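The opening residue of the sequence shown carries number 1 in UniProt numbering; numbering runs sequentially from there. Built from N, CA and C at the ideal position, the CB exists for glycine as well. Because the structure is a prediction, the values reported are computed rather than measured. The structure appears below as structure tokens.
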Amino acid sequence: MPRTNEVHAPGTWFSTIPRSFEEVPIDTANGNAISTVEFLEAAGSLVTLFDVIGGVGLAAVKSDLTGNITKVQERYNKAPAESQTLQDLVRNELKSGQHKATEGLLWLVRGLQFTASALRLSINNPSEELNASFLGAYKAPGGLSTHHGYLIRKGTEVAIKSGVPYRKDFYAKLGENQAEVNIALEKEVKALENVVDILLKFQSTPEAQWK
1 MPRTNEVHAP GTWFSTIPRS FEEVPIDTAN GNAISTVEFL EAAGSLVTLF
51 DVIGGVGLAA VKSDLTGNIT KVQERYNKAP AESQTLQDLV RNELKSGQHK
101 ATEGLLWLVR GLQFTASALR LSINNPSEEL NASFLGAYKA PGGLSTHHGY
151 LIRKGTEVAI KSGVPYRKDF YAKLGENQAE VNIALEKEVK ALENVVDILL
201 KFQSTPEAQW K
């Protein structure tokens, strides 16, 4: 599917990424089936946002996202005809008795949910520092911290507190026109939230379980 460049705000970081989550096809007539190729492109594009943020506070999150994107991509490459949508990828991999990509997608969605939640907090609380938004998302009930052990959880909290740059520096990197940045960020986060919500609901169903 070609890029629909009109969804990207010119002059912002969003106009430079290969794929926006707004460009991910969702077949609402077929159980909200999400196209695998465009989803992986959008997830890969979002990962580069952590380079914009900079610092070391979210390095582990970026690494986890990248690793889990690779797991899903490998399954798609192995069986593209059976993996045109994420839901079919999961169903067909589980039928084969494997779950590497299915588990990778589970963790990928958790990481995307964390990212969306942090950006939503930042949007809704314009006076809040960026590290506070990411820490709030990390520690939220049902958030990423609930899936981590004690040592990883405490290490991540410290890294976010001390290693995430100032809000003003991050937003400045997203574009000079802050009004355009805010519009583009809201659109992208809203689209990401929708994709995450669809996948979380699917992953909670029996057909997406491997144990």
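Asked, Found
"Would you report the Cα separation of Leu94 and Ala137, rounded to the nearest angstrom?", "31 Å"
"Under the three-state reduction of DSSP, which class applies to Ala33: helix, strand or coil?", "strand"
"Determine the direct distance from the alpha carbon of Glu188 to that of Phe21, and round the result to whole angstroms.", "6 Å"
"Measure the C-alpha to C-alpha separation of His147 and Ala43 and round it to an integer number of angstroms.", "20 Å"
"To the nearest angstrom, how far is the alpha carbon of Gln84 from that of Ala33?", "9 Å"
"My assumption, with CB atoms under 8 Å, is that Trp107 sits in contact with Asp64. Please give the rounded CB distance.", "7 Å"
"Whole-angstrom Cβ separation of Ile17 and Pro165, contact assumed at under 8 Å?", "Not confirmed; about 20 Å, so no contact."
"Is the beta carbon of Leu105 less than 9 Å from the beta carbon of Val90?", "yes"
"In angstroms, rounded to a whole number, what distance separates the CA positions of Lys100 and Glu74?", "10 Å"
"Near Gly175, which residues of its chain fall below 7 Å by C-beta distance, leaving aside the five closest residues on each side in sequence?", "Gly11, Thr12, Trp13, Val181"
"Provide the residue span of the alpha helix (DSSP H) that contains Ile17, from first to last.", "Ile17 -> no alpha helix (DSSP H), and no H or E assigned at all."
"Please state whether DSSP places Thr205 in a helix, a strand or coil.", "coil"
"At the level of alpha carbons, what is the spacing between residue 212 and Gly55?", "The question about residue 212 has no answer here: the residues shown for the chain are numbered 1 through 211."
"Which parts of the UniProt domain \"Glycolipid transfer protein\" (34-176) are runs of the alpha helix (DSSP H), unbroken and 4 residues or longer, counting only runs that do not cross its ends?", "36-47, 49-53, 59-78, 86-95, 100-124, 130-139, 150-163, 167-174"
"Is residue 223 buried or exposed, if buried means 16 or more other CB atoms sit within 10 Å of its CB?", "In the structure as shown, the chain starts at 1 and stops at 211, and residue 223 therefore has no counterpart that could be examined."
"From Pro141 to Asn131, what distance separates their C-alpha atoms?", "18 Å"
"Which same chain residues end up closer than 8 Å to Arg110 when comparing Cβ atoms and leaving out the 5 residues on each side of it in sequence?", "Leu144, His147"
"By how many angstroms is the C-alpha of Gly67 removed from the C-alpha of Ser45?", "14 Å"
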